[in-house]
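First comes the structure, then the notes that go with it.
Protein chains: 2
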Amino acid sequence: MSEEQLQQDFALALHDTARAWRHALDRRLKGLGLSQASWLSIAYLAKAPAPMTQTELAHCLSVEQPTVVAMLDRLQRAGLLRREIDAHDRRIRRVLLTPEGIEVYAEVRRVAMDFRHEKLKELDVEVLRQITGVLQQLQRTLEDPIP
Amino acid sequence: MSEEQLQQDFALALHDTARAWRHALDRRLKGLGLSQASWLSIAYLAKAPAPMTQTELAHCLSVEQPTVVAMLDRLQRAGLLRREIDAHDRRIRRVLLTPEGIEVYAEVRRVAMDFRHEKLKELDVEVLRQITGVLQQLQRTLEDPIP
DNA sequence: TGCAATTACTTAGATGGCTAAGTATAAGAG
DNA sequence: CTCTTATACTTAGCCATCTAAGTAATTGCA
Numbered sequence: 065m066s067e068e069q070l071q072q073d074f075a076l077a078l079h080d081t082a083r084a085w086r087h088a089l090d091r092r093l094k095g096l097g098l099s100q101a102s103w104l105s106i107a108y109l110a111k112a113p114a115p116m117t118q119t120e121l122a123h124c125l126s127v128e129q130p131t132v133v134a135m136l137d138r139l140q141r142a143g144l145l146r147r148e149i150d151a152h153d154r155r156i157r158r159v160l161l162t163p164e165g166i167e168v169y170a171e172v173r174r175v176a177m178d179f180r181h182e183k184l185k186e187l188d189v190e191v192l193r194q195i196t197g198v199l200q201q202l203q204r205t206l207e208d209p210i211p
Numbered sequence: 065m066s067e068e069q070l071q072q073d074f075a076l077a078l079h080d081t082a083r084a085w086r087h088a089l090d091r092r093l094k095g096l097g098l099s100q101a102s103w104l105s106i107a108y109l110a111k112a113p114a115p116m117t118q119t120e121l122a123h124c125l126s127v128e129q130p131t132v133v134a135m136l137d138r139l140q141r142a143g144l145l146r147r148e149i150d151a152h153d154r155r156i157r158r159v160l161l162t163p164e165g166i167e168v169y170a171e172v173r174r175v176a177m178d179f180r181h182e183k184l185k186e187l188d189v190e191v192l193r194q195i196t197g198v199l200q201q202l203q204r205t206l207e208d209p210i211p
C-alpha cells in the first residue's frame, strides 16, 4: 500500500471512528436526554472549582462562543443550569448547575465511564497511550496557525 | 496515570483531533467553496464506475439518506452535479457530476492530498499503519449493533 | 391480479458546529 | 474625564448530521 493511500485511509478512519464513537455514546446517553456535547459542557461546569464564565467554558471545550450560547440555552431550558450576572463585571455571566444538573451529571458520568471501558478494554494500554500521544501531537500541528 | 484517565484522554483526543482535522481542511478548501463533507461526496461520485444512486452514496459516506439529500441539494445549487431519474425504476435518482463538478474535483483532490501529506509526513509509516488499523477495528466495535 | 410490504427519496424539526455582525459594558489613552 | 478600543455575550444565518414521518414507485404474496 502506498504512503499516499495509507494517509488517505488514516484520514478517513479518524473521521469515521470519531463519528462512530459520538454516535454510539449518544445512543447510550439518549435515555438521560443528553448528547455527548451537552454532557461535556456539564462535566466541565461540575468539575470547575468556581462558577465559570461562558468564555472560559468555550476555551475548555475548544469551541466558539456562539456554540456555547446555543448549548447553554438548551441546557437552561432543560433546567440543568442557570446564568448569573457577575457582581463585579456586568458583561460576564457565570454559569451554575442546578441541583438537578448536578444529579444528572453524576449519572451521565457513570454511563460515559462504563462506555469507554467497555469499548477500550480490549486494547493494550501501551498502544492506547501511544495513539493518544500521536493524536494529541497531531492536534497541535493542526491548530498551528501557520499553515 | 490510571487506565481510566487514559481512556478518557483517548476519547477526548479522538474527538478533538478529528474536529481539528476537519476544521483545518475546511479552511484550506474554503477558497474552492467546498467543505470536507461536500468534497468527500464529490470524490465518491467521481470515482464510481457508473452513476450512483443516493442510497449508494449514503452507504459510501456512512451517513443517513436525509443527510445526502441536503448535501446534494447544496451541490446541485452550486452547479456541480445533477440528478437523473433512472430509466428502469422511477424511484431512483442517479447522481451525475457536471463538467464543472469534475473540474472542481480535480483541484480539490490535489489540495486534500497535499494537506494530508503536509500534516502526516512527520509520522512514521509503521505507526500510522498501526493507528489506522486500531481505529478501523474500534470503528467496527462501535458499529456493532449488540451494545 | 390486486393489495400489502418494501424501497427510494423528501420534508420537518432537532442538535451541534461555524463566521460575521450587533449590543452592552469595562478598560485605557490622551 | 471623555472617547476609543477591547471584551463578553447574543443574534442571524449557514453547513452537516440525526430521527421521525411522509410520498411515490416497485415487488411480491395470496
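Residue numbers (our numbering), protein chains in the order written: chain B, 65 to 211; chain E, 65 to 211. Each residue gets a CB set at the ideal place from its N, CA and C atoms; glycine is no exception. Because the structure is a prediction, the values reported are computed rather than measured.
For B/Leu144 and B/Ile195, believed in contact at Cβ under 8 Å, the rounded distance: Distance from B/Ile195 to B/Leu144 at the Cβ level is roughly 33 Å; contact not present, criterion being Cβ atoms closer than 8 Å.
Reference B/Glu182; option with closest CA among E/Arg91, E/Asp208 and E/Thr81: E/Asp208
Neighbourhood of E/Tyr108 by C-beta, 8 Å cutoff - its chain only, sequence neighbours within 5 removed: Met116, Leu121, Cys124 and Leu125
Below-8 Å beta-carbon distance, B/Val198 vs any chain E residue: Taking Cβ atoms only, chain E reaches closer than 8 Å to B/Val198, which makes this a yes.
Beta carbon proximity, B/His123 to chain E, threshold 8 Å: no
Collapsed DSSP secondary structure at B/Arg146 in the structure displayed: Strand, per DSSP.
Boundaries (first-last residue) of the alpha helix (DSSP H) holding E/Arg154: Per DSSP, E/Arg154 belongs to no alpha helix (DSSP H) and is neither H nor E.
C-alpha gap between E/Val132 and E/Arg158, whole angstroms: 13 Å
Any C-beta of chain E under 8 Å from that of B/Ser126: It does; some Cβ of chain E falls within 8 Å.
CB contact below 8 Å: E/Arg193 versus chain B: yes
CB contact check: B/Pro211 to chain E, cutoff 8 Å: Residue placement at B/Pro211 is flagged as unreliable, the pLDDT there being 46, under the threshold of 50; a coordinate-derived value is accordingly withheld.
Whole-angstrom distance between B/Leu78 and E/Leu78, CA atom to CA atom: 7 Å
One or two residues paired with E/Met116 in a DSSP bridge: E/Val159
contact_flag[the segment 74-90 of chain E, the segment 78-88 of chain B] where n(CB pairs < 8 Å) is 3 or more: yes
Straight-line gap, E/Gln200 to B/Pro163 (C-alpha atoms, nearest Å): 40 Å
Straight-line gap, E/Arg204 to B/His87 (C-alpha atoms, nearest Å): 13 Å
B/Met177: contacting residues in chain E (beta-carbon distance under 9 Å): Neighbours of B/Met177 on chain E, chain order: Glu68, Gln71 and Gln72.
Exposure label - B/Leu206; buried when at least 16 CB within 10 Å: buried
Beta-carbon spacing of B/Leu184, E/Phe179 below 8 Å: No Cβ-Cβ contact shorter than 8 Å links B/Leu184 with E/Phe179.
Chain-ordered chain E contacts of B/Gln86 [CB-CB under 8 Å]: Note that residue 86 of chain B is Arg in the sequence shown, not Gln. Those are His79, listed as they occur along chain E.
Span separating the alpha-carbon of E/Glu68 from that of B/Arg141: 32 Å
Where the alpha helix (DSSP H) through B/Asp217 begins and ends: The structure shown does not extend to residue 217 of chain B, since chain B is modelled only from 65 to 211, so the question has no answer here.
Own chain partners of E/Leu139 with C-beta closer than 8 Å, once the 5 adjacent residues on each side are dropped: Ser102, Ser105, Ile106, Leu145 and Gly165
Residue-level contact to chain E via CB, B/Gln129, 8 Å cutoff: no
Any chain B beta carbon closer than 8 Å to E/Ala82: yes
Amino acids of chain B, ordered along the chain, whose beta-carbon sits closer than 9 Å to that of E/His181: Simply Glu67, Glu68 and Gln71.
Cβ separation of E/Ala110 and E/Tyr169, assumed to be a contact under 8 Å, to the nearest whole Å: 5 Å
Chain E contact for B/Gln203 (CB, 8 Å cutoff): With 8 Å as the cut-off, B/Gln203 counts as an interface residue toward chain E.
Alpha carbon of E/Val189 to alpha carbon of B/Ala114, nearest angstrom: 45 Å
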